[in-house]
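Chemist: Line by line, the protein sequences give chains A and B. Residue 60 is where the first sequence starts when you use the working numbering, and the numbers rise one by one after that. Residue 60 is where the second sequence starts when you use the working numbering, and the numbers rise one by one after that. Ideal placement from N, C-alpha and C gives every residue a C-beta, glycine not left out.
Protein chains: 2
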Amino acid sequence: MKALENRMSNYVDVNWLDMKLLRELPHKIEIRRPGEDIVTIGEVSDSVFVIEKGWAMRYRILDDGRRQILNFMLPGDCFDLMSLTAAKSDHSVVAATEVELRRIETHSFVAAISKSPKLAMAFWWVAIQEQAILREQIIRVGRRSASERVGHMILELNRRLAFSMGEETNFVSLPVPQALLADALGLSVVHISRTFSKLRSKGFIATGPEGIEILRREELAKLSDFDNRYLHMEKLRLAS
Amino acid sequence: MKALENRMSNYVDVNWLDMKLLRELPHKIEIRRPGEDIVTIGEVSDSVFVIEKGWAMRYRILDDGRRQILNFMLPGDCFDLMSLTAAKSDHSVVAATEVELRRIETHSFVAAISKSPKLAMAFWWVAIQEQAILREQIIRVGRRSASERVGHMILELNRRLAFSMGEETNFVSLPVPQALLADALGLSVVHISRTFSKLRSKGFIATGPEGIEILRREELAKLSDFDNRYLHMEKLRLAS
DNA sequence: CGCGGGTTTGAATGAGTTCAATCACGGTGG
DNA sequence: CCACCGTGATTGAACTCATTCAAACCCGCG
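#1: Have a look at GLU207/B, ILE97/B, ASP123/B and GLN190/B and flag the residue whose alpha-carbon is nearest the alpha-carbon of LEU160/B.
#2: Only counting the same chain, and skipping five residues up and downstream in sequence, which positions put a Cβ closer than 6 Å to that of ALA298/B?
#3: With H, G and I counted as helix, E and B as strand and the rest as coil, what does DSSP make of ILE100/B?
#4: Who are the near neighbours of ILE273/B in its chain, counting only those whose CB is closer than 8 Å to its CB and skipping five residues on each side?
#5: Residues in the same chain with beta-carbon distance under 8 Å from GLU102/B, minus the five sequence neighbours each way, listed in chain order, please.
#6: Determine contact between the segment 107 to 121 of chain B and the segment 171 to 178 of chain B, defined as no fewer than three beta-carbon pairs at a distance below 8 Å.
#7: Using a C-beta to C-beta distance shorter than 7 Å, which residues of chain B count as neighbours of ASP284/A?
#8: Give the residues of chain A in contact with LEU193/B, contact being defined as C-beta atoms less than 8 Å apart.
#9: Kindly list the residues whose CB is nearer than 8 Å to the CB of ALA186/B, restricted to its own chain and excluding five residues on each side of it in sequence; keep chain order.
#10: Note down, in chain order, each residue of its chain lying with its Cβ closer than 8 Å to the Cβ of PHE182/B, except the 5 sequence neighbours on either side.
#11: For chain A, find out if any of its Cβ atoms is closer than 7 Å to the Cβ of GLN237/B; answer yes or no.
#12: Measuring only the C-alpha atoms, how far is ILE323/A from ILE198/B?
#13: Could you give the residue range of the alpha helix (DSSP H) that holds ALA243/B?
#14: Starting from the Cα of VAL158/A, find the closest Cα among ILE90/A, LYS261/A and LEU63/A and give me that residue.
#15: Closest by CA to HIS166/B, which one among PRO134/B, THR254/B, SER106/B and MET132/B?
#16: Mind reading off the beta-carbon distance from VAL58/A to GLY201/B? Whole number of angstroms is fine, and I expect it under 8 Å.
#17: So, are the CB atoms of ARG194/B and LEU129/A less than 7 Å apart?
#18: Closer than 7 Å, CB to CB, is GLU267/A near chain B or not?
#19: When you compare only the Cα positions, how much space is there between GLU227/B and SER142/A?
#20: Check whether chain A comes within 7 Å of ARG162/B, counting only Cβ atoms and requiring the distance to be less than that.
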């Protein structure tokens with residue numbers, strides 16, 4: 060719950076939202092090992108999930124084995140609000156690292172948001188933010204060069220992690236192999252590696268086994284045309 | 060309103076949803092000429108729009124002039140439900156052809172959906188479908204070849220147009236220049252043209268000034284790995 | 001007729017892929 | 001303690017798909 064609270068407290072007044080209501084919702088905590096599916100394509104989910112710890116990702120496999128990762132989901136992210144309409148999922152969600160999940164059954168979730176318009180609005184906002192991340196992903200893979208893609212992704216992950224941790228840092232923990240970045244950015248593993256070494260040699264980043272350190276944020280942001288406004292991390296205002 | 064009614068009647072029981080409520084909502088009808096912005100990046104919108112006639116598109120321009128079209132919006136599509144949270148738009152929406160719009164002010168829209176949970180659920184579904192289209196777009200530009208992208212896009216437009224027209228056809232009216240397809244699919248205009256002629260020479264499609272005719276739907280769908288389930292065009296079920 | 005937007009074609013170039021080999025490192029079993 | 005794996009990162013060379021630039025073409029329209 061910590062990550063979600065951190066996140067929400069960044070855009071709503073601390074005591075504006077009754078987190079208690081959410082925290083006390085009936086739920087189960089589940090653990091998934093890396094590679095285990097959380098939601099499988101074609102299935103109708105009856106639950107909403109909140110990621111407590113670890114990374115997950117949405118993905119789809121094409122007929123010949125190509126894989127596209129749609130987006131990464133970090134602590135504090137919620138899915139699948141799609142379950143509210145009982146639609147079949149058009150993609151799978153898998154644990155990228157070991158993941159701790161809070162599972163809330165759809166009907167209790169619906170009950171909670173219909174009781175609290177504030178909570179409903181907060182989750183509406185979550186959906187908005189996710190859409191924005193998807194759109195940014197389209198732009199990344201559609202019109203950006205390899206270095207721009209990599210730089211942009213690093214900065215996005217850094218902002219989102221900072222947002223859910225509640226603290227600034229130039230370090231991006233990257234608990235996933237480069238192959239996953241490749242499938243997220245529509246590049247080959249080989250080229251991801253080459254791009255990293257290019258960014259390293261230019262002094263923009265340093266890489267280690269644990270993750271990436273951003274050495275020159277400004278230049279990197281300029282190079283990759285990164286503008287974090289799309290993440291909508293400013294305080295939320297309610298529509299009258 | 061016709062297009063939206065057609066569309067909704069395809070997935071909800073005809074008299075299940077009180078379209079009257081929606082139809083009688085205070086609104087203004089507006090016309091935009093091709094190229095005119097409907098929503099501008101950075102602005103906070105106070106209205107929800109429904110496209111009555113014509114095509115619009117979401118897009119973003121990068122610093123050096125590259126453009127990415129995020130998706131096309133056809134008759135019956137709604138936007139921007141984002142306005143409910145009074146967030147600044149992270150992209151622009153522009154008329155691709157001459158467009159007829161129904162503009163509903165956010166506050167009347169919010170009033171209507173809070174009165175009618177059915178209406179709210181219907182619009183929630185609209186948001187779900189749009190997310191699915193965005194995800195499919197990511198897969199298209201991230202992991203598909205040029206011919207797959209073009210074929211897949213043709214089939215998507217065909218399904219969506221059929222859905223909003225309420226009638227089957229193998230013809231896809233394409234009232235926009237190839238340059239727009241290029242910016243949507245992350246390809247150059249030249250390559251779009253070459254790809255079309257490849258698809259033509261294989262006998263999959265025929266092109267004319269008005270649009271595209273699909274000659275061999277099955278083969279084309281196979282070639283482009285198109286599976287229309289993501290469009291969620293089946294009847295809606297309500298979550299208890 | 002001639003102009004202009006859009007499409008098509010050709011030739012040269014380039015960014016990213018593929019294949020294959022090598023390297024680095026942590027873990028395992030003898 | 002050390003040889004032996006296996007996974008993931010890196011590098012080189014050949015190749016491919018798509019881009020760029022430039023010219024030609026097509027067609028509706030004033």
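Modeler: According to the data block:
#1: Your numbering for residue 160/B matches position 101 in the second sequence. The shortest C-alpha separation from LEU160/B is found at ILE97/B.
#2: Numbered from 1 along the second sequence, position 239 holds the residue referred to as residue 298/B. Low confidence applies here, because ALA298/B scores a pLDDT of 43, under 50, leaving its location unreliable; read the following figure in that light. If we look at ALA298/B and ignore the five residues flanking it on each side, it has no Cβ neighbours.
#3: Locating residue 100/B in the second sequence gives position 41, counting from the first residue. ILE100/B falls in the coil class under three-state DSSP.
#4: If you number the second sequence from 1, residue 273/B lands on position 214. The residues are ILE213, LEU214, ASN217, ASN229, PHE230, VAL231, PHE263, ILE264 and LEU279.
#5: Counting from 1 along the second sequence, the entry for residue 102/B is found at position 43. Closer than 8 Å at Cβ, skipping near neighbours: LYS147 and SER148.
#6: No, the segment 107 to 121 of chain B is not in contact with the segment 171 to 178 of chain B.
#7: Sequence index remark: in the first sequence, residue 284/A carries index 225 (1-based). Under the 7 Å cutoff, chain B gives LEU121 and ASP122.
#8: Within the second sequence, residue 193/B is the residue found at index 134, counting from 1. Chain A residues near LEU193/B: GLN190, LEU193, ARG194 and ILE197.
#9: For the purposes of this step, residue 186/B is identified with residue 127 of the second sequence, where counting begins at 1. Excluding residues within five positions, the ones whose Cβ falls inside 8 Å are LEU140.
#10: Your numbering for residue 182/B matches position 123 in the second sequence. Within the same chain, PHE182/B has close Cβ partners CYS137, LEU140 and ILE172.
#11: Counted from its first residue, the second sequence places residue 237/B at position 178. It does not: the Cβ of GLN237/B has no partner Cβ on chain A nearer than 7 Å.
#12: Since the first and last residues shown for chain A are 60 and 299, residue 323/A lies out of range.
#13: Numbered from 1 along the second sequence, position 184 holds the residue referred to as residue 243/B. Where ALA243/B is concerned, the enclosing alpha helix (DSSP H) stretches over 237 to 244.
#14: To locate residue 158/A, count along the first sequence from 1; it is residue 99. Taking only the C-alpha atoms, the option nearest VAL158/A is ILE90/A.
#15: Here residue 166/B refers to the residue found at position 107 when the second sequence is read from its first residue. The shortest Cα separation from HIS166/B among PRO134/B, THR254/B, SER106/B and MET132/B belongs to SER106/B.
#16: Past the boundaries of the shown model lies residue 58/A; chain A is included only from 60 to 299, so the question cannot be answered.
#17: Position 135 of the second sequence holds residue 194/B. Position 70 of the first sequence holds residue 129/A. Taking a C-beta distance under 7 Å as the contact criterion, ARG194/B and LEU129/A qualify as a contact pair.
#18: Translated into positions along the first sequence, residue 267/A becomes position 208. Per the sequence shown, residue 267/A should be read as Gly rather than Glu. Interface flag for GLY267/A against chain B is unset, since no Cβ pair is found closer than 7 Å.
#19: By one-based count along the second sequence, residue 227/B stands at place 168. By one-based count along the first sequence, residue 142/A stands at place 83. Roughly 29 Å separates the two Cα atoms.
#20: Numbered from its first residue, the second sequence carries residue 162/B at position 103. Not flagged as an interface residue toward chain A: ARG162/B, since no C-beta distance is shorter than 7 Å.
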